[in-house]
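Asks: Those letters in the sequence shown? Residues 1 to 377, by UniProt numbering. Here a beta-carbon is modelled for each residue, glycine too, at the ideal position from N, C-alpha and C. Let me give you the structure first, and then I'll get to my questions.
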Amino acid sequence: MLNIFELARQSYEESQRNHSGRLNLGDVDEEQNGSISEREAISAKFAATTSGGGRESTVLVCGSENCGKSTLVFRFLDPRTSDPSQGRTIAMDYNYATRTRQNVKDLAHIWELGGGGSLANLLEIVLNDQNIESTSLILFLDLTRPEHFQAVVEPILDVVCRRLDHIMGQVQINQPSMYERISKMSTRKWQLHKDVRVAKPLPIPMAVIGAKYDEFQNFDTERKRSTFRLLRFIAHVNGASLQTHSSVMETLMNRTRSLFGHFAFGVSLGTGKANSIDIHSPVFVSVGEDSLESIGLVSALTSHTEAMSQWMFNLNESFPQEKSEERDEDPGQDKQFTEPLIDELIEEKTRALELFVKERRDRQAAQDKSKHRLTRK
Numbered sequence: 001m002l003n004i005f006e007l008a009r010q011s012y013e014e015s016q017r018n019h020s021g022r023l024n025l026g027d028v029d030e031e032q033n034g035s036i037s038e039r040e041a042i043s044a045k046f047a048a049t050t051s052g053g054g055r056e057s058t059v060l061v062c063g064s065e066n067c068g069k070s071t072l073v074f075r076f077l078d079p080r081t082s083d084p085s086q087g088r089t090i091a092m093d094y095n096y097a098t099r100t101r102q103n104v105k106d107l108a109h110i111w112e113l114g115g116g117g118s119l120a121n122l123l124e125i126v127l128n129d130q131n132i133e134s135t136s137l138i139l140f141l142d143l144t145r146p147e148h149f150q151a152v153v154e155p156i157l158d159v160v161c162r163r164l165d166h167i168m169g170q171v172q173i174n175q176p177s178m179y180e181r182i183s184k185m186s187t188r189k190w191q192l193h194k195d196v197r198v199a200k201p202l203p204i205p206m207a208v209i210g211a212k213y214d215e216f217q218n219f220d221t222e223r224k225r226s227t228f229r230l231l232r233f234i235a236h237v238n239g240a241s242l243q244t245h246s247s248v249m250e251t252l253m254n255r256t257r258s259l260f261g262h263f264a265f266g267v268s269l270g271t272g273k274a275n276s277i278d279i280h281s282p283v284f285v286s287v288g289e290d291s292l293e294s295i296g297l298v299s300a301l302t303s304h305t306e307a308m309s310q311w312m313f314n315l316n317e318s319f320p321q322e323k324s325e326e327r328d329e330d331p332g333q334d335k336q337f338t339e340p341l342i343d344e345l346i347e348e349k350t351r352a353l354e355l356f357v358k359e360r361r362d363r364q365a366a367q368d369k370s371k372h373r374l375t376r377k
């Protein structure tokens with residue numbers, strides 16, 4: 001049986017949906033016939049109906065489970081939605097949003113990862129050299145469960161950093177001007193920063209969201225201080241902004257929606273939103289405007305690797321981490337739970353997915369070969 005992370009590429013299956021449509025990885029169209037992904041179909045339609053100048057972006061939403069990611073996405077798509085009632089995200093969900101301004105249409109692809117950090121490999125599906133300049137990452141962390149931070153942060157950052165390093169390596173070879181442009185944009189706020197040696201900003205914009213503040217605000221002072229320090233640290237050394245969020249506090253929801261609009265459509269965040277590091281209030285810190293000295297956890301760090309190790313140490317010292325349970329066997333293969341109709345459907349979908357994966361690989365190999373020939377010329 002194929003690796004589930006390979007099979008998940010079927011998430012791109014073509015289907016026409018309503019504006020702000022949604023695609024779950026379980027939606028599989030068996031009639032492949034060389035069809036392209038839904039994201040690709042939407043992009044193609046967008047390009048065909050836009051006279052030029054439209055912005056196309058990708059927003060990745062991931063992080064802790066059950067802390068308001070889906071609610072944020074649907075409140076962004078429809079501010080009037082008070083209760084999305086979409087249920088738990090299985091694997092990865094796709095949505096898209098469009099905005100028209102002065103007869104120019106903008107398009108935002110929105111991917112939401114479920115499963116905390118356990119399905120982080122799915123993020124590789126979305127990141128590529130064609131969207132790296134227009135992709136942003138929103139990482140949710142549940143303020144009420146710091147004991148699970150490592151199980152969320154470690155796999156997600158590992159996958160994202162490894163994938164982005166690979167993409168940037170290819171871009172540096174094939175598109176040096178683009179590589180220089182991305183590098184300048186990601187490091188411009190750090191060149192004169194005193195923590196420049198330990199900060200390693202991603203080549204894409206990133207925001208860390210401290211979720212469920214409505215519950216967290218009632219915790220004791222020391223727990224709040226330790227949690228906020230850890231969040232400020234992980235955001236700072238990875239070149240991310242930080243802000244607190246709540247699905248039931250309208251002021252915080254609106255601020256996070258503004259951030260989402262900034263990532264999706266380039267909407268200005270405004271100048272009146274000041275930073276705040278008061279542990280008795282919602283915390284907000286812009287990119288590059290914090291410091292290790294202000295955070296107060298450590299000093300005299302000399303590299304990003306050392307900083308991440310120190311963060312893990314402090315995290316486990318303050319909140320001993322609970323490891324997520326991992327299954328060595330696939331429960332779907334357990335004969336004790338056989339369901340003929342479901343098993344037949346799974347086998348059917350698996351065959352369709354295998355065909356799709358093969359087609360995608362063949363197409364990518366052909367594109368890579370073509371690029372290589374052009375480069376040699």
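Would you list the residues sitting across from Arg145 in a DSSP beta bridge?
Replies: Beta-bridge pairing links Arg145 to no other residue.
Asks: I need the boundaries of the alpha helix (DSSP H) containing Arg232, first residue and last residue.
Replies: Thr221 to Val237
Asks: Unbroken alpha helix (DSSP H) runs of length 4 or more, entirely within the region 120-208: which are they?
Replies: 123-126, 149-174 and 176-187
Asks: Can you name the start and end residues of the alpha helix (DSSP H) that Met253 belongs to?
Replies: Glu250 to Phe265
Asks: Please state whether the Cβ-Cβ distance between Val112 and Val61 is less than 8 Å.
Replies: First, the amino acid is wrong: residue 112 is Glu here, not Val. Cβ distance < 8 Å, so Glu112 and Val61 count as in contact.
Asks: Going by alpha carbons, who is nearest to Ser291 out of Val159, Lys194, His166 and His148?
Replies: Lys194
Asks: Under the three-state reduction of DSSP, which class applies to Ser294: helix, strand or coil?
Replies: Secondary structure of Ser294 (DSSP, three-state): helix.
Asks: Specify the secondary structure class of Ala91 as computed by DSSP and reduced to three states.
Replies: coil
Asks: What three-state label does DSSP hand Arg360 in the structure shown?
Replies: helix
Asks: Consult DSSP for Lys369 and reduce its assignment to one of helix, strand or coil.
Replies: Of the three classes helix, strand and coil, the one that applies to Lys369 here is helix, per DSSP.
Asks: Please determine if the region 102-121 and the region 175-193 are in contact, where contact requires at least 3 C-beta pairs separated by less than 8 Å.
Replies: Touching, no.
Asks: Would you mind sorting Ala235 into buried or exposed? The rule is 16 or more other CB atoms within 10 Å of its CB.
Replies: buried
Asks: Hey, out of Asp278, Ala274, Ser241 and Ile277, whose CA is closest to Phe260's CA?
Replies: Ser241
Asks: Taking the straight line between their C-alpha atoms, what separation do you get for Leu192 and Glu347?
Replies: 56 Å
Asks: Apart from the five residues on each side of it in sequence, which residues of its chain come closer than 8 Å, Cβ to Cβ, to Pro79?
Replies: Arg257
Asks: Kindly indicate which three-state DSSP category Ala212 falls into: helix, strand or coil?
Replies: Just to set this straight, residue 212 is Lys in the shown sequence, not Ala. In this structure, Lys212 counts as coil in the three-state DSSP scheme.
Asks: Would you grab the beta carbon distance between Ile156 and Arg232 for me? Rounded to a whole angstrom, and I think it's under 8 Å.
Replies: The Cβ separation is near 18 Å, so there is no contact.
Asks: Report the rounded CA-to-CA distance for Ala365 versus Ile125, giving the unit in angstroms.
Replies: 16 Å
Asks: What would DSSP say about Val287, mapped onto helix, strand or coil?
Replies: In the displayed model, Val287 falls within coil according to three-state DSSP, outside both helix and strand.
Asks: Taking Leu113 as part of the beta strand (DSSP E), name the residues at either end of that continuous run.
Replies: Val104 to Leu113
Asks: Quick check: the Cα distance between Arg197 and Thr305, rounded to an integer number of angstroms?
Replies: The straight-line gap from Cα to Cα measures roughly 10 Å.
Asks: Specify the secondary structure class of Thr302 as computed by DSSP and reduced to three states.
Replies: coil
Asks: Using the Cβ count rule (16 or more neighbours within 10 Å means buried), how would you classify Glu222?
Replies: exposed
Asks: Using only the alpha-carbon positions, how far apart do Gln172 and Arg55 sit?
Replies: 24 Å
Asks: Please list, in chain order, all residues of the same chain as Lys369 whose beta carbon is under 7 Å from its beta carbon, the five residues on each side excluded.
Replies: The answer is none, since no qualifying residue turns up.
Asks: Sort out for me which residues DSSP pairs Ser241 with in a bridge.
Replies: Ala207
Asks: Taking 8 Å as the threshold, find out whether the region 302-317 comes into contact with the region 243-252 through three or more Cβ pairs.
Replies: no
Asks: Going by beta carbon distance, what residues of the same chain come within less than 6 Å of Asn131, once the five residues before and after it are set aside?
Replies: Thr58
Asks: Quick test of your reading: Thr144 and Phe216, contact by CB under 8 Å. State the CB separation rounded to the nearest angstrom.
Replies: 5 Å
Asks: Using CA coordinates, which residue listed in Leu77, Glu65 and Pro201 is at the minimum distance from Gly117?
Replies: Glu65
Asks: Provide the residue span of the alpha helix (DSSP H) that contains Leu72, from first to last.
Replies: Lys69 to Leu77
Asks: Can you tell which of Arg99, Lys105, Gly266 and Leu297 has the C-alpha that lies nearest to the C-alpha of Pro205?
Replies: Gly266
Asks: Across which residues does DSSP place Gly116 in a beta bridge pair?
Replies: Answer is none; Gly116 lacks a bridge partner.
Asks: If Pro146 sits next to Thr227, beta carbons under 8 Å apart, how far is it from one beta carbon to the other, in whole angstroms?
Replies: 5 Å
Asks: Can you tell which of Val159, Gly210 and Leu123 has its C-alpha closest to the C-alpha of Pro282?
Replies: Gly210
Asks: In three-state DSSP terms, what is Arg274?
Replies: Rather than Arg, the amino acid found at residue 274 in this sequence is Ala. Three-state result, Ala274: coil.
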